[in-house]
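Residue numbers (our numbering): 23 to 783.
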C-alpha cells in the first residue's frame with residue numbers, strides 16, 4: 023500500500039481554512055514578534071526533520087524550503103538583533119545541509135538505478151479503508167487484523183459524540199498538518215460551552231502567547247504531577263487521572279500521556295505550536311480517536327485561567343489535554359466522571375473498579391488487597407485513584423476530605439510496620455486531618471519521617487493537597503479504588519465491536535439470556551496457568567447518557583465449552599458480573615482456578631430499552647480465539663396466540679386425567695436435523711413441555727423441557743430424525759390459566775400446526 027502525503031501550498035491552504043472556519047473573535051497582537059518568528063522557523067524545521075526521518079523525501083524537501091523561506095524573511099526583519107540572527111542562522115544552516123544531502127542522495131539513486139519517480143495514479147485519492155488504524159501497544163493480535171463491515175459501521179456510528187465527529191486515529195494522522203502560517207488555526211467547531219462557575223468570572227478566550235512570553239508544552243524533562251491544579255471545572259477524577267499518569271512518566275521514565283499530544287518531536291515529546299493547532303489521541307468508544315483543538319483558553323479579567331493548569335509558568339499540556347477531553351464531553355460544563363473512564367481514555371489501560379465496602383461490610387481480603395496494590399504500583403503495572411462517598415458537611419470538614427471526590431494515589435508503602443498511602447487532592451489544597459496528616463502529633467516518629475522523607479512541620483506551612491493516610495482510615499473514609507492496569511502485562515489481545523438492537527431479546531433477562539449476544543472464548547487446553555481478562559465497553563455518544571447513565575451492563579462467563587447459554591444460572595457461571603451503570607465492566611479469568619479452557623461469554627443488560635453499541639476486548643497471557651456464537655437454525659415457526667384456558671389448562675403429566683386436554687401442536691421435520699424449542703409465558707405459573715415422536719418406525723423416546731420454570735423453558739436436540747412429533751406445552755398444575763408463546767427453530771424445513779382442541783365446557 024502506498025502511503026502518500028499530499029503537500030498543498032501553505033498560502034492556498036491558509037485561504038481555504040479562512041473560508042471554511044467559523045467566525046471567531048480575533049486574538050490580540052502577539053507579544054514579542056521576534057520570538058513568534060523564531061518559534062515558527064523552528065516549528066517548520068521540526069516538521070521537515072520529522073518527515074525526513076520517516077523517509078518521506080518529497081514532503082521533507084517542501085518543508086525544508088518553507089523553513090528556509092520563513093527563516094530568510096525573519097533574518098531580514100531582525101537584522102538589527104544579533105541574538106536572534108545567530109539562532110536563525112543555525113536553523114538556516116541545518117535546513118540547507120539537509121536539502122543538499124537529500125538532493126545528492128536522490129541524484130545518486132537515479133544514477134545508479136536509472137529510476138524515475140512516478141506519482142501513483144490515485145496517490146491523492148487513497149480510500150479511507152486502506153489506511154491502518156493505529157495499534158501502538160506491544161500486544162500480539164489473537165485474531166484478524168481488519169475490521170468487518172459491520173464493525174466499521176459500529177465505529178462510524180459511535181464516532182459522533184455530542185454531535186461532533188471524532189474519527190479513528192489512523193497511521194496517516196501522524197502526518198497531520200499543523201502549520202497555518204501566516205494565519206493561526208481556529209477550531210471550526212467553535213468555542214467550548216462554559217460551566218456556570220466559569221461564566222461567573224469569564225472575560226475572554228485567550229491564546230497562550232497572550233498570557234505569557236514563552237509558552238511551552240512541557241517545562242522540564244518530565245511532566246510533573248505536583249504542578250497540576252484543578253480550578254472551577256467539576257472534573258476531579260480527570261485531574262486525578264492526569265496526576266497519576268504524570269507521576270508514572272517521571273517515576274518510570276516512559277511517556278504515557280505526554281505522547282498523546284501532537285505535534286511532537288521524534289522522541290514523542292510534544293512541543294508548542296505557534297499556529298495554535300493541536301491533536302490529542304484518546305481511547306474512545308472502543309478505539310483510538312483523534313480530537314482536534316485550537317489553543318484558545320478561557321480567562322478572567324486578571325488573565326488567570328478558568329481551566330485546570332500547571333503551576334509551572336507557561337506550561338500548556340494540562341490545559342490542552344483537558345480542553346480536548348472537555349470537547350468530547352460536550353464542553354467545560356462537565357457532569358463528572360470516574361477515574362476508570364478518564365484513565366482509560368487517556369492511556370488505554372484496563373479499568374477495574376474495586377469496592378472497599380461491598381454490601382456495606384468491610385472487605386474480608388483487605389490485607390491481600392493492600393499487598394496487591396503496593397506491589398503493582400511498585401512494578402508500574404497499575405495507575406490508581408481513590409474516591410470518597412457522600413458525607414455530610416460536618417463529617418467532611420472534620421476529616422478534611424471532600425465528599426464524592428477523586429484523589430490520586432501517589433504512593434503505597436509499609437514504613438515502620440505501618441501501612442500508609444499517599445494521596446493528592448486535585449484541588450492542590452484541602453487535606454486529610456486524621457491519622458498521619460501533617461496535624462497529627464502522635465504517629466509521626468523520627469524514623470518514620472526519615473523513611474518517607476516527609477516532615478509534617480514543613481508540610482503544615484504549604485497546603486498542596488498532598489497527604490499521607492493510614493490504610494485503616496482509607497478503608498473507613500473512602501469507598502472505591504479505581505485501578506487501571508497496564509495492558510503490557512499480557513501478550514495477546516483481540517477486540518470485537520458490535521451492536522445490540524433494542525428489539526433483540528427481552529427487556530429483562532432474568533429468565534433467559536438465550537437471545538443476548540454470546541461469544542466463545544477458547545484457550546489452549548495445554549495452558550495450565552495464566553489469565554484472560556475480558557473488558558466490555560459500552561459506547562457513549564451523548565452527554566445526557568454520560569450524565570445520567572441509566573444503562574446497566576455486565577457480563578456472565580460460563581465454562582460451557584463455548585455453547586449457547588439459555589438460563590442465567592444453568593450452568594452456574596464462573597463469573598456472574600454485577601450490573602453497573604459504568605461504560606466499562608472487567609471480568610478476570612484466572613486459569614489456575616477454573617477447570618475449563620472453553621468459555622461462553624454472555625453480555626447482559628438490566629431493563630434494556632435502547633440499542634447499544636459496545637466493544638468486547640480480551641487480554642490474555644496465551645493465544646486464544648474469540649468468536650460470536652451464531653444461531654445455526656435457519657427455519658423458524660411460531661405460535662404467538664397460545665393459551666391455557668378452561669379445559670386446556672390441564673397441568674403436567676402428574677395429572678393424567680386432565681393432561682391430554684393441554685394444547686397440542688403437530689411438528690413435521692422435512693429431514694434429519696437439529697431443533698430448538700422455546701416456550702415463553704408470564705412469570706406465574708411455572709411452565710414446561712413434552713415432545714412425543716409420532717413416527718411408528720422411529721425412536722419413541724419422550725423428550726421433555728426439564729424442570730418446570732417461571733417465564734421460560736427451552737429444549738435443544740441434535741440429530742433428530744425426519745418425521746412428525748407432538749409438542750404439548752403445559753403448566754405444572756391444572757387450572758393455571760395463562761397465555762404463552764411457542765417457538766420452534768430448526769436446521770431443516772419444518773411445519774407447525776395445532777391439533778384440534780377438546781370442546782370447551
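Beta carbons are placed, not taken as given, at the ideal position from N, Cα and C, and that holds for glycine.
Bear in mind the structure is a predicted one, so any value in this text is a computation, not a measurement.
- About 5 Å separates the beta carbon of residue 649 from that of residue 542, a gap short enough to meet the 8 Å contact definition.
- Shown here for residue 545: same chain residues with a beta carbon closer than 6 Å to its own, the five before and five after excluded, namely 619, 646 in chain order.
- Taking 3 residues as the shortest admissible run, the segment 223-266 contains the following complete beta strand (DSSP E) segments, listed from N- to C-terminal end: 226-228.
- Within 10 angstroms of the beta-carbon of residue 761 lie fewer than 16 other beta-carbons, which makes it exposed.
- Under the three-state reduction of DSSP, residue 474 is assigned to helix.
- The shortest CA-to-CA distance from residue 475 to any of 463, 451, 489, 485 is the one to 489.
- A residue is called buried when at least 16 other Cβ atoms come within 10 angstroms of its Cβ; residue 218 does not meet this threshold and is exposed.
- Contact between residue 312 and residue 436 does not hold, since their C-beta atoms are separated by about 43 Å, which reaches or exceeds 8 Å.
- Taking a C-beta distance under 7 Å as the contact criterion, residue 214 and residue 382 do not qualify as a contact pair.
- Here the alpha carbon of residue 88 sits roughly 12 Å from the alpha carbon of residue 113.
- Residue 622 carries a strand assignment under DSSP once its states are collapsed to helix, strand and coil.
- The beta carbon of residue 449 sits closer than 7 Å to those of 252, 487, all from its chain and outside the five residues before and after it, given in chain order.
- Taking C-beta separations shorter than 8 Å and ignoring five residues to either side along the sequence, the partners of residue 693 in its chain run 744, 770, 771, following chain order.
- In the DSSP assignment, residue 506 falls within the beta strand (DSSP E) that extends over 502-507.
- Three or more beta-carbon pairs drawn from the segment 500-507 and the segment 370-381 are found closer than 8 Å, and the two stretches are therefore classed as touching.
- Within the model, the alpha-carbon separation for residue 516 versus residue 611 is close to 16 Å.
- Residue 536 and residue 736 have their C-alpha atoms some 9 Å from each other.
- Contact annotation: residue 638 and residue 518 have beta-carbon atoms nearer than 7 Å.
- Remark: three or more beta-carbon pairs, one from each stretch, lie closer than 8 Å, so the segment 444-461 and the segment 424-434 are flagged as touching.
- Using a Cβ-Cβ distance cut-off of 8 Å, the segment 84-98 and the segment 64-72 are in contact, since at least three pairs of beta carbons, one from each stretch, lie closer than that value.
- Judged by their CB atoms, residue 756 and residue 677 are nearer to each other than the 7 Å cut-off.
- Here the alpha carbon of residue 282 sits roughly 53 Å from the alpha carbon of residue 704.
- No beta strand (DSSP E) of 3 residues or more sits fully in the segment 84-112.
- Straight through space, the alpha carbons of residue 530 and residue 689 are spaced by roughly 30 Å.
- Each residue's CA atom was taken as its position, placing residue 617 and residue 499 some 39 Å apart.
- Counting along the chain, no alpha helix (DSSP H) covers residue 315; the unbroken beta strand (DSSP E) around it starts and ends at 309-316.
- A residue is called buried when at least 16 other Cβ atoms come within 10 angstroms of its Cβ; residue 295 meets this threshold and is buried.
- The Cβ atoms of residue 765 and residue 719 do not sit closer than 7 Å to each other.
- In the displayed model, residue 284 falls within a strand according to three-state DSSP.
- Of the residues assessed, residue 573 falls on the buried side of the cut-off, its CB having 16 or more other CB atoms within 10 angstroms.
- Within a 10 Å sphere around the beta-carbon of residue 768 sit 16 or more other beta-carbons, which makes this residue buried.
- With a beta-carbon spacing of about 13 Å, residue 495 and residue 464 fall beyond the 8 Å limit used to define contacts.
- Around residue 467, the same chain offers 438 as residues with beta carbons nearer than 8 Å, after the five sequence neighbours per side are excluded.
- Membership of residue 69 in the alpha helix (DSSP H) is indicated by the continuous run 55-75.
- Burial is judged here by how many other beta carbons sit within 10 angstroms of a residue's own beta carbon; residue 360 has at least 16 and is buried.
- DSSP lists 575 as the beta-bridge partner residues of residue 627.
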